[in-house]
Every structure is written in C-alpha cells, then in structure tokens.
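Enquirer:
Chains as they are written, first to last, in UniProt numbering: chain V, 1 to 228; chain G, 1 to 228.
(1) Chain G partners of residue 225/V, CB-CB under 7 angstroms?
(2) By Cβ distance below 6 angstroms, which residues in the same chain neighbour residue 255/V in space, the five residues on each side in sequence not counted?
(3) Using C-beta distances below 8 angstroms, list every residue in its chain close to residue 64/G, excluding the 5 sequence neighbours before and after it, in chain order.
(4) Compare the C-beta of residue 87/V with all C-beta atoms of chain G and state if any pair is closer than 9 angstroms.
(5) Do residue 142/G and residue 185/G have their C-beta atoms within less than 9 angstroms of each other?
(6) Residue 186/V CB to nearest chain G CB: under 9 angstroms?
(7) Is DSSP giving residue 36/G helix, strand or coil here?
(8) Within 10 angstroms of the Cβ of residue 132/G, are there 16 or more other Cβ atoms? Answer buried if so, exposed if not.
(9) Give the list of continuous beta strand (DSSP E) stretches no shorter than 3 residues that lie fully inside the segment 92 to 125 of chain G.
(10) Quick check on the burial criterion: 16 or more other C-beta atoms within 10 angstroms. Buried or exposed for residue 212/V?
(11) Just to confirm, are residue 70/V and residue 117/V a CB contact at a threshold of 9 angstroms?
(12) Would you please verify whether the beta carbon of residue 139/G is less than 9 angstroms from any beta carbon of chain V?
(13) Can you confirm whether residue 199/G, when its beta carbon is compared against all beta carbons of chain V, has any partner nearer than 9 angstroms?
(14) Would you please verify whether the beta carbon of residue 205/V is less than 9 angstroms from any beta carbon of chain G?
(15) Going straight from the alpha carbon of residue 44/G to that of residue 150/G, what length do you get?
(16) Taking the beta strand (DSSP E) that residue 141/G falls in, what are its first and last residues?
(17) Determine whether the beta carbon atoms of residue 110/G and residue 79/G lie at a separation below 9 angstroms.
(18) Residue 29/V to residue 82/V, Cα distance in whole Å?
(19) Residues of chain G with CB closer than 8 angstroms to the CB of residue 70/V, please, in chain order.
(20) In whole angstroms, what separates the C-alpha of residue 128/G from that of residue 177/G?
(21) Is it the case that the Cβ atoms of residue 187/G and residue 144/G are separated by a distance below 9 angstroms?
(22) Do the segment 207 to 227 of chain V and the segment 155 to 172 of chain V meet, that is, are 3 or more Cβ pairs less than 8 angstroms apart?
(23) When you compare the CB of residue 214/G with every CB in chain V, is at least one pair closer than 9 angstroms?
(24) How far does the alpha helix (DSSP H) with residue 200/V in it reach, from first residue to last?
(25) Please say whether residue 6/G and residue 99/G have beta carbons closer to each other than 9 angstroms?
(26) Between residue 122/V and residue 75/V, how many whole angstroms is the CB-CB distance? I'm expecting something under 8 angstroms.
(27) Chain V partners of residue 103/G, CB-CB under 7 angstroms?
(28) If we ignore side chains and look at the alpha-carbon of each, how far apart do residue 134/V and residue 106/G end up?
(29) Between 137/G, 157/G, 167/G, 72/G, which has its C-alpha nearest residue 120/G's C-alpha?
(30) Using 9 angstroms as the limit for Cβ to Cβ distance, is residue 220/V near chain G?
(31) According to the Cβ coordinates, are residue 8/V and residue 49/G closer than 9 angstroms?
(32) Measuring straight from C-alpha to C-alpha, what distance separates residue 85/G and residue 114/G?
(33) Looking only at C-alpha atoms, which of 223/V, 214/V, 222/V, 203/V sits nearest to residue 23/V?
(34) For residue 171/V and residue 190/V, what's the separation of their Cα atoms in angstroms?
(35) Distance check for residue 182/V and residue 217/V, CA to CA, integer angstroms please.
(36) Within 10 angstroms of the Cβ of residue 195/G, are there 16 or more other Cβ atoms? Answer buried if so, exposed if not.
Set out below in structure tokens:
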C-alpha cells in the first residue's frame with residue numbers, strides 16, 4: 001500500500017479545505033493507501049525558525065546561522081522532536097498533499113513554517129544534491145488549495161496573472177529543489193462566492209481525480225510550464 | 001520628515017541582514033527620516049492566523065472564517081493588540097522596507113505571518129479597492145533580501161530561474177494588491193560564500209542606494225516586468 005502525508009492548514013474543520021482533506025483521507029484509504037495527516041493548526045505547529053529547533057549546544061554560538069545549525073543538528077540527531085516527527089512522516093510518504101487556502105499568493109505562514117523548518121539541509125537536499133538530484137526524489141507532491149479570487153482574475157491577462165505564476169516558488173523553488181516530482185495542482189476557485197451545490201461538485205471532482213491519481217504523470221517543472 | 005517602517009526578520013543581529021537593517025536605520029535617520037523597526041524574531045511575532053486575533057465574540061462562531069472575522073473585528077476595533085500596533089506603524093509610514101534572508105524562494109514564515117495577519121481586509125484592501133486602488137496607496141515598499149544561491153543560479157535560464165519570477169507573489173500579490181508602489185528590490189546574492197571584503201561592499205552599496213532612494217521611480221508592477 002502506498003503512503004500519503006497530507007499537510008493541512010485550515011483553522012475550521014467545517015471549511016471547504018476541511019472537507020477536501022476529509023475526502024482525500026477517505027478516498028485514499030479506500031484505495032488501500034496508508035494516510036497520515038499533519039493538521040498544522042490543531043498541532044499548533046511552530047512556524048518560526050529559531051534556536052529552539054536545535055537541542056543542546058550550537059555549532060557556532062557566537063553568530064547564529066539557522067541553515068548551518070539545523071544542518072549540523074540533523075547530522076547528529078539534534079533537531080527538536082516536532083521536526084524529527086515531521087521528517088519521519090515525509091521520509092515514509094510516497095506522496096505529499098498540501099491542502100490550504102491561498103493566503104497572499106502563497107501558503108499560510110503556518111505551512112510556510114513547516115517548509116522552512118522541516119526541509120532542512122542534510123534531510124531534503126545537500127548541495128549539489130538539489131533539483132533533480134534532491135534527497136527526496138522518488139516522491140510526489142500535489143498542491144491542493146482554495147482561492148479568494150475568481151478563475152478570471154487568475155487567467156493569463158487577468159488582474160492577478162496566470163495562477164501558474166504563483167506556483168513557481170512552491171512547486172519549483174521548494175518541491176523540485178528537494179527532488180520531489182510535482183503533480184498538477186488542484187485548485188478550487190473562490191468557493192466562498194459559489195453555491196452550496198457548486199461546492200459539493202468541487203468535493204466530488206476532487207474525489208474523482210484521486211481515483212486515478214496514481215496514473216498521472218508529473219508536470220514538467222521548468223519555466224516553460226509556468227510562464228509560457 | 002518622511003517615515004519609514006523596516007520589517008526585519010533575522011534571528012542574529014551580527015548577520016548581514018542585521019547589518020543591512022542597521023545601515024538603513026543610520027542612513028535614513030541621517031536624512032531626517034523617522035525610522036521604526038519591527039524586529040519580528042525579537043518581538044516573538046506570532047505568524048499563525050487564529051481565533052486569538054479577534055478580541056471578544058466572533059461574527060460567526062459556528063464556522064470560523066479568518067478573513068471574514070478579521071475584517072469584522074477591524075471595523076469594530078476588535079483586532080488583537082499586536083495587530084493594531086503593526087497597522088498603526090504601517091499607516092504612518094511612507095515607505096516599508098522588508099529585510100530578510102530568502103527562505104524557499106520567499107520570505108521566512110515569521111514575515112509571511114506578518115503579511116497574513118496585519119494586512120487585513122478593511123485596513124489594507126476592501127474589494128473592489130485593490131491593486132491600483134488598494135487602501136495603502138501613496139506608500140512605497142522595498143524588498144531587501146539575501147540569498148543562498150548565486151546570481152548565476154538566479155539568472156534567466158539559470159537553474160533557479162530569473163530572480164524576478166519569485167518576486168511576483170510578494171511584490172504584485174501582496175504589495176501591489178494593497179495599492180503600495182514597489183521600488184526595485186535590493187538583493188545581496190550568496191553573502192555566505194563571499195569574502196568579508198565583499199560583504200562590506202554590499203553594506204556600502206546599500207547605504208549608497210539609500211542616499212538617493214527618494215528620487216527613484218517605482219517599477220512597473222505588471223507581468224512584463226517579471227516574466228519578459
């Protein structure tokens with residue numbers, strides 16, 4: 001059975017994001033996958049990258065460098081418990097699903113903090129092991145999110161620009177950098193401004209897509225996909 | 001005298017980011033500007049968008065919607081104290097400088113949390129008052145940051161793509177959306193991999209730029225600037 005980690009960032013279980021998460025757990029479990037959820041708000045996940053992420057002495061206590069310190073701590077098993085826990089989940093997963101409402105053309109800070117703190121050097125990448133040779137290769141990722149703006153606003157030539165423009169930092173800058181292959185994003189546009197009926201259709205469409213997810217080919221994560 | 005708010009996100013005062021912040025405070029003060037710094041890590045700024053940001057009763061306690069609740073709370077003066085404090089600083093500022101190390105093609109989570117929580121509807125935008133008619137028009141913003149990757153990696157055709165690609169969500173999606181005009185970014189590439197001498201030159205170049213900053217024209221914040 002395949003293993004899936006859903007990293008989920010919404011405060012309200014009754015939200016559409018909450019329902020999308022639930023649908024994914026149900027559908028993937030039905031397929032025989034083993035599904036783990038990191039419910040970031042419920043966990044009160046810490047987004048701030050600080051000295052607290054390193055247990056014990058620092059490599060250089062004169063001048064704190066987060067990247068160097070977490071790299072060194074990772075190598076000696078000295079990262080804080082919450083990070084080790086998340087890294088274990090990532091390590092075991094074949095697929096990472098990120099489920100969130102788009103905040104300011106990006107993920108909410110609590111999820112950005114997950115990226116900042118979990119994907120440390122040594123674990124997810126280690127120069128020159130990045131991009132196609134990143135340490136998390138052979139894994140898949142999928143960004144599933146809701147927007148405030150409409151599909152028209154996020155069209156090419158629309159006021160907010162092609163939605164793909166804002167996927168570049170998340171899909172290429174983070175996932176591809178770590179060697180993870182990226183499936184097409186799953187986007188629910190402006191659920192707050194549509195009928196209950198339409199929102200139900202959004203949930204059905206997501207369940208439907210998940211049925212054949214494992215047959216999908218990753219996108220070609222190059223500038224052409226994003227900016228052409 | 002003009003007013004400047006520096007939103008600063010680095011854990012270590014001795015870092016290059018710390019020095020860049022100090023240089024800006026010194027140079028702008030010398031010019032007669034009044035400079036305020038929000039030192040996010042020192043403030044232990046909360047990045048998580050939660051129910052705690054609303055004082056008193058919720059507008060809809062059945063189903064928590066962060067965007068709606070903070071909008072309503074803003075209108076009745078019911079946002080948490082730390083947000084009111086930051087909004088006051090933004091309101092008074094002519095120029096916002098964001099000083100940070102690039103984390104995963106974006107700002108550190110603690111700074112993303114500042115965007116998520118401070119720039120609430122009603123204060124920074126209120127549909128259809130967004131983009132050129134955003135509520136923070138007549139203000140300027142400048143993103144000043146350091147990178148891990150080299151200038152070559154962030155060149156057009158480089159493995160990390162043109163650095164402008166990753167500026168889209170921050171400059172257009174956040175600042176332009178709120179009506180803020182954006183000055184050209186100030187980027188120090190890979191300071192950890194250059195000599196102490198070169199790092200000193202980076203500080204001098206920043207101080208130099210600040211001397212004539214008020215004569216600069218904002219960039220043309222359209223897809224052409226980012227993706228051409």
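Every residue gets a Cβ at the ideal spot worked out from N, C-alpha and C, and that includes glycine.
Expert: With the given structure in hand:
(1) Listed along the chain, the chain G residues whose CB falls inside 7 angstroms of the CB of residue 225/V amount to none; the nearest CB is some 11 angstroms away.
(2) This structure cannot settle anything about residue 255/V, because the visible part of chain V is limited to 1 through 228.
(3) Hits under 8 angstroms: 51, 58.
(4) No, residue 87/V lies away from the interface with chain G (no Cβ there is under 9 angstroms from its Cβ).
(5) Less than 9 angstroms separates the beta-carbon of residue 142/G from that of residue 185/G.
(6) No, its Cβ sits nowhere closer than 9 angstroms to a Cβ of chain G.
(7) DSSP places residue 36/G within a strand segment (E or B) once states are collapsed to three.
(8) The residue in question, residue 132/G, is exposed, as its Cβ has fewer than 16 Cβ neighbours within 10 Å.
(9) Complete beta strand (DSSP E) runs here, min 3: 95 to 101.
(10) It is exposed - the Cβ of residue 212/V has fewer than 16 other Cβ atoms within 10 Å.
(11) Taking the C-beta atoms as reference points, residue 117/V is found nearer than 9 angstroms to residue 70/V.
(12) For residue 139/G, the answer is no, since every Cβ of chain V falls outside 9 angstroms of its Cβ.
(13) Contact of residue 199/G with chain V is not assigned, every C-beta pair being separated by 9 angstroms or more.
(14) At a cut-off of 9 angstroms between beta carbons, residue 205/V makes no contact with chain G.
(15) Cα-Cα distance, rounded: 30 angstroms.
(16) From DSSP, the beta strand (DSSP E) with residue 141/G extends over 140 to 146.
(17) Going by C-beta atoms, residue 110/G is not nearer than 9 angstroms to residue 79/G.
(18) Near 25 angstroms, if we compare the C-alpha coordinates of residue 82/V and residue 29/V.
(19) Within chain G, no residue comes near residue 70/V; the closest Cβ sits about 12 angstroms away, beyond 8 angstroms.
(20) Approximately 11 angstroms between the Cα atoms of the pair.
(21) Taking the C-beta atoms as reference points, residue 144/G is found nearer than 9 angstroms to residue 187/G.
(22) Segment contact: the segment 207 to 227 of chain V against the segment 155 to 172 of chain V, three or more CB-CB distances shorter than 8 angstroms; contact assigned.
(23) No - not a single Cβ of chain V is within 9 angstroms of the one on residue 214/G.
(24) It spans 196 to 211 - the alpha helix (DSSP H) in which residue 200/V sits, taken as one unbroken run.
(25) Remark: C-beta atoms of residue 99/G and residue 6/G approach each other more closely than 9 angstroms.
(26) Right, the Cβ-Cβ distance comes to about 6 angstroms (below 8 angstroms), so this counts as a contact.
(27) Residues of chain V with a Cβ closer than 7 angstroms to the Cβ of residue 103/G are, in chain order, 116.
(28) Straight-line measurement puts the Cα of residue 106/G at about 19 angstroms from the Cα of residue 134/V.
(29) The option with the nearest alpha carbon to residue 120/G is 72/G.
(30) For residue 220/V, the closest Cβ of chain G is not nearer than 9 angstroms.
(31) Contact: no.
(32) Here the C-alpha atom of residue 85/G lies approximately 12 angstroms from the C-alpha atom of residue 114/G.
(33) Residue 23/V has its Cα closest to that of 203/V, out of 223/V, 214/V, 222/V, 203/V.
(34) So the two alpha carbons sit approximately 21 angstroms from each other.
(35) For residue 217/V and residue 182/V, the distance between alpha carbons rounds to 9 angstroms.
(36) The residue is exposed, with fewer than 16 neighbouring Cβ atoms inside 10 Å.
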